[in-house]
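Student: My questions will all concern the structure given below.
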Amino acid sequence: MKSLVLAEKPSVARDIARVLGCKQAHKHYFEGKQHIVTWALGHLVELKMPEDYDRKYETWRMEDLPIIPKKMGLKVIRQTSHQFRAIERLAKRPDVKDVIIATDAGREGELVARWILEMIGWTKPIWRLWISSQTDRAIRDGFRQLKPGVQFERLYQSAVCRAEADWLIGLNVSRALTTKYNDPLSAGRVQTPTLAMIIEREREIQSFVPVPYWTIRAKIGSITAVWERHGGHRLFDQDEANRLMTRLKGQPARVTSIKRKRKSESAPLPYDLTELQRDANKRFGFSAKKTLSVLQRLYEQHKLVTYPRTDSRYLPSDMEATMTERLLAMKSGYEDVIAPLLAKGKAKAAKRVFNDDKVTDHHAIVPTDERLDLSRLSTDERKLYDLIARRFLALFYPPHESETTTAVFDIGGETFVAKETAVVNAGFQAVLSKEDNKAQPTLLHLAEGQTLPSVQLELEQSFTEPPARYSEADLLAQMEKYGLGTPATRADIIERLVETEVVERKDGRFYPTKKGKQLIELVNEELKSPELTARWERELEAIARGKGNPQQFLANIRRQTQQLVAEIKQSEQVYKAPNLTNLTCPECGALLKERKTKDGRMLVCSNLQCRYRRRRDPKLSNRRCPQCHRRMEMHEGKAGLYFQCRPCNIVEKADETKRIAAKGSERALLKKYSPANESFGTSLGELLKQALNEKKE
């Protein structure tokens with residue numbers, strides 16, 4: 001008898017099969033003596049759509065809303081049904097005794113597997129592989145310590161509640177808004193309050209009125225001191241600032257106090273996903289989605305880091321014994337940092353990082369014991385791995401120690417303050433590559449009561465500034481603060497806001513569009529509030545921990561759906577599509593709307609029942625202009641397909657492109673085979689023959 005192992009992706013299934021010795025490779029699975037390893041392709045099963053319950057829902061009508069099925073049904077996703085059928089056939093084999101769920105160890109991974117098992121009517125025993133890294137060792141250890149599937153029933157219930165809540169609220173509210181205002185309008189329990197935060201910040205910026213203020217600086221030899229009163233250093237009255245300058249001119253500075261304060265700062269804890277996304281955005285300009293994508297490759301493909309979708313920054317106590325192995329695995333890339341640690345014997349990380357009570361489903365993101373080979377990583381992978389690695393290595397270094405000296409001066413009865421900070425011991429900061437303060441100390445020679453006659457005063461005018469628009473790092477911090485989404489979903493929510501054209505990303509900052517500003521006025525007040533989503537997330541977490549009631553949660557969601565749709569139906573708000581043009585649809589006569597896409601601008605019919613669309617701009621090709629390197633337009637002329645760059649006035653025929661590609665292939669053949677063995681000759685025909693022979697072998 002054999003166990004059926006269900007992984008989430010083919011790449012993960014391949015690794016598991018290799019570790020388990022499943023050497024028989026088939027189209028949809030791997031097989032060995034004791035295991036059959038197959039895979040999902042992400043979700044293979046999803047909640048039924050409204051039209052699956054009743055064909056009348058294919059046409060969106062306000063009178064049909066809200067759509068609230070008595071019992072939510074499941075359906076196989078058509079595009080990946082071939083893989084589902086393969087799993088179904090494997091599950092029905094008489095030699096299969098149980099199933100081992102090996103999907104991602106989290107709420108969404110549990111849902112992927114359980115929905116598949118529910119659709120195939122699985123009744124045999126269920127086991128769970130729960131691991132935080134994809135190394136061979138982790139997989140072997142995980143299979144030796146399989147957990148009964150019943151332990152994860154609550155996690156599954158939490159995942160179902162999340163999916164059904166998003167379906168009921170998101171689908172009904174989006175259909176109601178779209179139908180009432182005749183424009184595709186999307187709303188949801190996470191994306192709407194996130195949009196509301198961006199728009200509220202925009203309102204603050206637009207309503208902000210700059211206020212002038214003045215600061216006074218005193219140059220006392222090589223020392224710069226700033227005027228202070230009641231802890232503040234800004235003067236909002238120009239006349240008072242001028243009077244002070246007149247009164248203090250020519251006055252000496254007397255040192256009234258010198259204070260020195262030592263500060264010890266411990267190394268930061270390792271990353272959770274949200275903080276890593278924030279730092280990658282600040283340091284490298286990565287979007288949250290890009291960070292997660294690169295991180296997933298480091299986890300699945302290279303096996304160099306632990307599970308990415310975590311909200312914990314702590315490690316379990318049993319990991320303390322693995323620290324030396326992890327350091328040895330990383331040594332090739334961080335010799336100068338790790339060598340001193342290993343020279344002392346057993347390297348010890350900061351004790352406070354090991355805390356079982358603060359580890360949720362997964363621990364913090366740290367390097368694994370897989371041997372590091374930086375040459376195998378792409379530039380982006382190296383950057384992200386370096387962030388994770390240095391944050392981990394900092395745990396083994398002493399605290400950063402600094403000393404701040406504060407000198408207080410009296411000039412004509414007014415207080416001026418000078419501060420400087422010197423590094424006493426760089427500690428972990430040396431690992432994190434932060435710059436040390438190497439400025440020459442200027443306050444060390446001062447003594448209390450000392451008088452310094454050489455004083456030059458400077459008056460500087462500035463203006464108060466509005467708050468900055470949210471960067472991706474800022475937005476992730478706000479979403480985390482208000483409990484909007486989870487570490488695994490926040491990146492997709494941000495991209496969803498951009499794709500639905502309610503916000504724009506410019507120079508790394510988020511700007512609301514006209515559509516977004518109007519949408520937020522149409523949406524129910526309750527749905528805009530971060531508190532609603534935060535409450536939902538707390539309830540979902542309680543369900544996962546066995547302290548919540550899933551039936552009660554979904555009953556509340558159903559009542560809330562009815563209330564939200566009723567509010568939209570009764571609303572007297574007005575909406576005008578911001579991207580309407582003066583052009584009319586040739587099929588139904590409605591006005592056309594302009595939409596921006598990756599391939600240029602498109603014109604689409606504003607009538608939701610009409611499917612007419614056409615390009616406003618020529619289609620962009622992947623061919624780059626040889627002069628400005630922009631993507632060239634594709635055109636069809638009398639002589640066939642051609643590429644054009646309008647700004648540079650360059651035109652190239654498609655066959656020229658093919659010829660260039662062919663020449664590139666020829667050069668590749670010459671480079672690969674000619675130097676290796678000159679006996680093959682150098683003609684293109686002989687080189688092709690050699691390439692074919694190698695392929696046969």
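Numbering (UniProt numbering), first residue to last: 1 to 697. Don't be surprised by glycine CBs; every beta carbon is placed ideally from N, CA and C. For clarity, every value in this text was computed on a predicted model and none was experimentally measured.
Could you say if the region 501-509 and the region 553-565 meet the contact criterion of at least three C-beta pairs nearer than 8 Å?
Tutor: The region 501-509, when compared against the region 553-565, does not touch it at the 8 Å Cβ threshold.
Student: Assuming Thr415 and Arg229 make a contact with CB atoms under 8 Å, what is their CB distance in whole Å?
Tutor: Sure, about 7 Å apart at Cβ, within 8 Å.
Student: Pairs of beta-carbons, one from the region 463-478 and one from the region 273-287, closer than 8 Å: are there three or more?
Tutor: Touching, yes.
Student: Can you tell me whether Ala91 is buried or exposed, with buried defined as 16 or more other CB within 10 angstroms of its CB?
Tutor: So Ala91 ends up on the buried side.
Student: Quick check on DSSP: helix, strand or coil for Tyr213?
Tutor: Three-state DSSP puts Tyr213 in a strand.
Student: So, helix, strand or coil for Ile568, using DSSP?
Tutor: Note: Ile568 maps to helix in three-state DSSP.
Student: Helix, strand or coil: how does DSSP classify Met197 here?
Tutor: Helix at Met197.
Student: Sorted by chain position, which residues of the same chain lie with C-beta nearer than 8 Å to Lys97's C-beta, five sequence neighbours on each side aside?
Tutor: If we look at Lys97 and ignore the five residues flanking it on each side, its Cβ neighbours are Met1, Lys2, Ser3, Lys124, Pro125.
Student: Here's the rule I'm using: 16 or more other beta-carbon atoms within 10 Å means buried, otherwise exposed. How should Ala13 be labelled?
Tutor: Ala13 should be labelled buried.
Student: Rounded C-beta distance between Ala364 and Leu315? I'm assuming under 8 Å.
Tutor: That belief holds up - the Cβ atoms of Ala364 and Leu315 are roughly 6 Å apart, short of 8 Å.
Student: For a minimum of 3 consecutive residues, which ranges assigned as the beta strand (DSSP E) are wholly contained in the region 405-449?
Tutor: Segments of the beta strand (DSSP E) lying fully in the region 405-449: 414-425.
Student: What are the boundary residues of the alpha helix (DSSP H) that Leu484 is part of?
Tutor: Counting along the chain, Leu484 falls outside any alpha helix (DSSP H), and DSSP gives it neither H nor E.
Student: Restricting to runs no shorter than 4 residues, where is the alpha helix (DSSP H) found entirely within the region 281-368?
Tutor: Those alpha helix (DSSP H) runs which fall completely within the region 281-368 and span 4+ residues are 288-300, 323-330, 335-343.
Student: Give the C-beta separation of Ala40 and Thr103 to the nearest angstrom, bearing in mind that I take them to be a contact with Cβ-Cβ under 8 Å.
Tutor: About 7 Å; that satisfies the 8 Å criterion.
Student: Answer with buried or exposed for Pro453, where buried requires no fewer than 16 other C-beta atoms within 10 angstroms of its C-beta.
Tutor: Exposed, because fewer than 16 other Cβ atoms sit within 10 Å of the Cβ of Pro453.
Student: Take Leu497 and list the residues in its own chain whose beta-carbon comes closer than 7 Å to its own, dropping the five residues that flank it on each side.
Tutor: Excluding residues within five positions, the ones whose Cβ falls inside 7 Å are Gln191, Thr194, Leu195, Val503.
Student: Which value, in whole angstroms, describes the spacing of the CA atoms of Ala349 and Pro398?
Tutor: Cα to Cα, Ala349 sits roughly 10 Å from Pro398.
Student: Find the nearest neighbour of Thr379 within the set Val604, Phe84, Leu295, Ala329, judged by alpha-carbon distance.
Tutor: The residue with the shortest Cα to Cα distance from Thr379 is Leu295.
Student: Out of Pro268, Gly232, Cys605, Ser462, state which residue places its alpha-carbon closest to the alpha-carbon of Arg352.
Tutor: Checked all of Pro268, Gly232, Cys605, Ser462; the closest Cα to Arg352 is Pro268.
Student: Take Val211 and list the residues in its own chain whose beta-carbon comes closer than 6 Å to its own, dropping the five residues that flank it on each side.
Tutor: Within the same chain, Val211 has close Cβ partners Thr464.
Student: Using DSSP bridges, identify the partner residues of Leu387.
Tutor: Note: Leu387 sits in no beta bridge, so no partner.
Student: If you follow the beta strand (DSSP E) that Leu620 is part of, which residue opens it and which one closes it?
Tutor: Looking at the DSSP string, the run of the beta strand (DSSP E) that includes Leu620 is 620-624.
Student: Please confirm if the region 154-170 is in contact with the region 591-609, defined as three or more CB-CB distances below 8 Å between the two stretches.
Tutor: No: fewer than three Cβ pairs fall under 8 Å.
Student: According to DSSP, is Lys33 part of a helix, a strand, or is it coil?
Tutor: Residue state, collapsed to three classes: coil.
Student: How far does the alpha helix (DSSP H) with Asn549 in it extend, from its first residue to its last?
Tutor: Element bounds for Asn549: n/a, residue is neither H nor E.
Student: Taking one C-beta from the region 441-453 and one from the region 257-266 each time, how about it: are there three or more such pairs within less than 8 Å?
Tutor: Output reads yes: the region 257-266 touches the region 441-453.
Student: For Ser158, which option in Ile100, Leu540, Leu65, Gln560 has the closest C-alpha, if you only look at C-alpha atoms?
Tutor: Cα-wise, what sits closest to Ser158 is Leu540.
Student: Are the region 43-56 and the region 330-340 in contact at 8 Å, needing three or more beta carbon pairs?
Tutor: Judged by Cβ distances under 8 Å, the region 43-56 makes no contact with the region 330-340, as fewer than three pairs qualify.
Student: At the level of alpha carbons, what is the spacing between Arg201 and Val209?
Tutor: Their backbone Cα atoms lie some 14 Å apart in a straight line.
Student: Put Arg18 into one of helix, strand or coil per three-state DSSP.
Tutor: The answer is helix: DSSP assigns Arg18 an H, G or I state.
Student: What's the gap between the Cα of Glu656 and the Cα of Lys638?
Tutor: Reliability fails at Glu656, whose pLDDT of 49 lies under 50, so the model's placement of it is uncertain and the value that follows must be treated cautiously. Those two C-alpha atoms are separated by around 16 Å.
Student: Give the range of the beta strand (DSSP E) segment to which Ala159 is assigned.
Tutor: Run containing Ala159: none in the beta strand (DSSP E); it sits in the alpha helix (DSSP H), 153-166.
Student: Is the region 138-146 close to the region 15-22, with three or more CB pairs under 8 Å?
Tutor: With a cut-off of 8 Å, the region 15-22 and the region 138-146 count as touching, because enough Cβ pairs lie within range.
Student: Which whole runs of the alpha helix (DSSP H) in the region 114-144 are 4 residues long or more, in chain order?
Tutor: Correct list: 136-144.
Student: Going residue by residue through the region 242-287, where are the continuous alpha helix (DSSP H) segments of at least 4 residues, counting only ones entirely within it?
Tutor: You should have 273-284.
Student: So, at 8 Å on beta carbons, what are the nonlocal neighbours of Asp357 in its own chain, with the 5 sequence-adjacent residues on each side left out?
Tutor: Taken in chain order, the list of residues that qualify is empty.
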